[in-house]
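Chains as they are written, first to last, in the working numbering: chain D, 1 to 258; chain Y, 259 to 550. Here a beta-carbon is modelled for each residue, glycine too, at the ideal position from N, C-alpha and C.
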Ligand SMILES: Nc1ncnc2c1ncn2[C@@H]1O[C@H](COP(=O)(O)OP(=O)(O)O)[C@@H](O)[C@H]1O
Ligand SMILES: [Mg+2]
């Protein structure tokens with residue numbers, strides 16, 4: 001992450017190392033069976049040994065995630081803009097939106113499978129349907145809460161509605177948008193893996209399911225590590241972009257810790 | 259920072275005025291315009307029926323107790339607020355901003371926080387024709403120089419690329435003034451533009467504004483609390499009553515231009531101030547008679 005100072009970085013890194021060391025020691029001391037909880041060293045060994053087998057699945061999961069995410073962003077921005085610009089639409093649509101977003105998304109996977117068969121399509125759709133709500137809600141909220149004083153500056157110049165949206169509404173909404181992107185990309189990831197676990201023969205989710213039914217526990221954990229790593233990587237990527245685009249909202253170098 | 263160049267400006271100006279004055283068209287016309295915010299129980303009458311005519315090129319100061327509806331009048335003229343009753347015609351049209359170039363300095367200097375001061379100041383150029391169509395082409399050259407020149411004039415040299423939160427209240431107010439001037443508006447609506455400034459900066463800016471008015475003759479509607487300011491700058495002063503405001507007194511200020519700071523200490527000027535002061539004191543204690 002961009003603006004953390006060195007000391008904080010060192011602490012975070014130290015904590016991660018400590019976590020793995022603690023885990024390793026715990027397994028050694030208690031003599032834990034690797035069928036229940038493999039040691040991190042075993043997991044990493046498996047990860048390296050089977051990396052080229054895992055690779056296509058990693059790509060598959062990343063692709064479905066990103067596809068679902070991009071579609072979700074497009075849909076979310078358009079819908080959020082429509083809802084946010086009009087007060088009436090905002091008040092009318094918000095309850096419906098909250099209703100939809102509180103449906104547990106595991107429940108929609110079987111429906112997508114029913115409609116589109118198993119494989120990539122339901123994974124993309126699940127990713128999309130999970131990740132697009134935070135975007136809609138954030139865009140709509142950002143636009144709807146834009147200070148009228150800021151809009152007045154342009155209105156007094158005779159600016160059109162589009163001018164105002166472009167010069168005030170959208171920039172003012174950017175911090176909300178990027179905050180939601182970070183969340184949304186993690187959600188998309190969860191959605192894609194979820195769907196792979198249930199209904200696919202490709203992707204990390206599927207690898208983990210297969211491995212667990214073969215009692216290849218280190219491989220299950222290797223899959224977990226890959227997921228954690230990808231999740232963090234995606235999050236960091238969007239934090240970096242966020243820091244660049246919306247530095248004004250955090251008063252420049254203050255922090256981008258989250 | 260500034261000094262007056264009386265002779266040239268005055269002469270040149272005098273000629274134009276002489277030629278135009280007799281038939282100066284009406285720039286701003288409020289006919290029995292009133293404004294009430296909210297409805298029913300919560301209705302707040304902000305402005306009683308007000309009638310006001312301002313010919314093109316006049317410099318009018320609006321003074322009155324706070325909360326009496328001065329900002330509301332400016333918002334009416336700029337088209338940000340619709341009259342609850344009556345008619346507002348600006349530049350011959352009911353929708354003001356479309357009719358002519360308006361430069362507005364809001365009471366609270368609302369700079370867009372994601373833009374630098376320079377970008378904020380250039381905003382009118384980005385929106386208003388004829389600058390708008392050249393904005394992409396000239397924003398790094400001519401327009402930027404224009405912004406920098408203005409900033410330098412108000413004493414903000416070197417702050418162009420700062421963000422609004424990095425400036426003090428008084429600095430923001432000066433930037434706010436620049437934003438109201440940059441697109442050479444035909445009409446300037448200035449809402450207490452010097453309120454947060456120290457006496458000396460304020461007086462410097464008065465002279466700049468006077469100079470600018472004398473050269474370009476825009477129509478100016480200036481809201482102020484400062485009677486010296488009104489007397490120094492305006493050619494006409496309107497005094498308003500307490501909320502819901504209406505215009506109690508409307509008088510010409512005939513001191514010769516360019517006026518000087520020294521002049522504001524002369525007996526005539528002091529007498530004018532005192533007269534206005536009395537009006538306002540009365541307005542504060544005895545609210546408007548007419549019910550909105
Ligand atoms: N948007 C608004 N909603 C409700 N009341 C308002 C609004 N704007 C102004 N008012 C009220 O209208 C009155 C006049 O306000 P204003 O024109 O800002 O006064 P001032 O002369 O100090 O500039 C005030 O009493 C204020 O409370
Ligand atoms: Mg006011």
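{"query": "Per-residue DSSP class, three states only, for residue 440 (chain Y)", "result": "coil"}
{"query": "Straight-line gap, residue 279 (chain Y) to residue 402 (chain Y) (C-alpha atoms, nearest Å)", "result": "Note that residue 279 (chain Y) scores 47 on pLDDT, short of 50, meaning its location in the model is unreliable; the coordinates nonetheless yield the value given after this. C-alpha separation (whole angstroms): 35 Å."}
{"query": "Within-8 Å CB hit, residue 168 (chain D) to chain Y", "result": "yes"}
{"query": "Other residues of its chain near residue 342 (chain Y): CB distance less than 6 Å, five sequence neighbours each side excluded", "result": "292, 293, 294"}
{"query": "Presumed contact (8 Å Cβ cut-off) between residue 194 (chain D) and residue 106 (chain D), rounded CB distance", "result": "6 Å"}
{"query": "Neighbourhood of residue 101 (chain D) by C-beta, 6 Å cutoff - its chain only, sequence neighbours within 5 removed", "result": "133"}
{"query": "Residue 307 (chain Y): first and last residue of the uninterrupted beta strand (DSSP E) it sits in", "result": "302-313"}
{"query": "For residue 292 (chain Y), the residue or residues it bridges with in DSSP", "result": "Y:343"}
{"query": "The segment 142-175 of chain D: positions lying closer than 8 Å to chain A by Cβ", "result": "You won't find chain A in this structure, because its protein chains are D and Y."}
{"query": "Three-state secondary structure (DSSP) of residue 373 (chain Y)", "result": "coil"}
{"query": "Minimum Cβ-Cβ distance from residue 364 (chain Y) to chain D less than 8 Å", "result": "yes"}
{"query": "Contact list for residue 248 (chain D) against chain Y, beta-carbon separation under 7 Å", "result": "371, 372, 421"}
{"query": "Own chain partners of residue 549 (chain Y) with C-beta closer than 6 Å, once the 5 adjacent residues on each side are dropped", "result": "In this predicted model, residue 549 (chain Y) has a pLDDT of only 42, less than 50, meaning its place in the structure is not dependable enough to derive any value."}
{"query": "Cβ-Cβ distance between residue 491 (chain Y) and residue 468 (chain Y) below 8 Å", "result": "yes"}
{"query": "Closest by C-alpha distance to residue 530 (chain Y), when choosing among Y:501, Y:496, Y:390, Y:340", "result": "Y:496"}
{"query": "Which of helix, strand or coil DSSP assigns to residue 549 (chain Y)", "result": "Caution applies to residue 549 (chain Y), whose pLDDT of 42 falls short of 50 and renders its modelled position unreliable; the value that the coordinates give is listed next. The answer is coil: DSSP assigns residue 549 (chain Y) none of H, G, I, E or B."}
{"query": "Short CB-CB distance (under 8 Å) between residue 238 (chain D) and chain Y", "result": "no"}
{"query": "Selection of the segment 333-344 of chain Y by Cβ proximity to chain D, strictly under 9 Å", "result": "333, 336, 337, 338"}
{"query": "Contact check, residue 140 (chain D) vs residue 84 (chain D), beta carbons under 8 Å", "result": "yes"}
{"query": "Contacts that residue 379 (chain Y) makes with chain D (C-beta to C-beta distance below 8 Å)", "result": "Those within 8 Å of residue 379 (chain Y) in chain D number zero; the least Cβ separation is about 11 Å."}
{"query": "Residue 482 (chain Y): contacting residues in chain D (beta-carbon distance under 9 Å)", "result": "Result: empty, since nearest Cβ-Cβ is about 19 Å, beyond 9 Å."}
{"query": "Contacts around residue 41 (chain D), its chain only, beta-carbon distance under 7 Å, and the 5 residues preceding and following it disregarded", "result": "24"}
{"query": "Sub-8 Å separation of residue 68 (chain D) and residue 191 (chain D) beta-carbons", "result": "yes"}
{"query": "Three-way DSSP call (helix, strand, coil) for residue 360 (chain Y) in this model", "result": "strand"}
{"query": "Expected contact under 8 Å - CB spacing of residue 316 (chain Y) and residue 504 (chain Y) to nearest Å", "result": "In fact, because the Cβ distance is near 20 Å, the residues do not count as touching under 8 Å."}
{"query": "Proximal chain D residues relative to residue 511 (chain Y), where beta-carbon distance stays under 7 Å", "result": "Here the premise fails: no neighbours, minimum Cβ distance about 27 Å."}
{"query": "Cβ of residue 286 (chain Y) within 8 Å of any chain D Cβ", "result": "no"}
{"query": "Proximal chain D residues relative to residue 382 (chain Y), where beta-carbon distance stays under 7 Å", "result": "157"}
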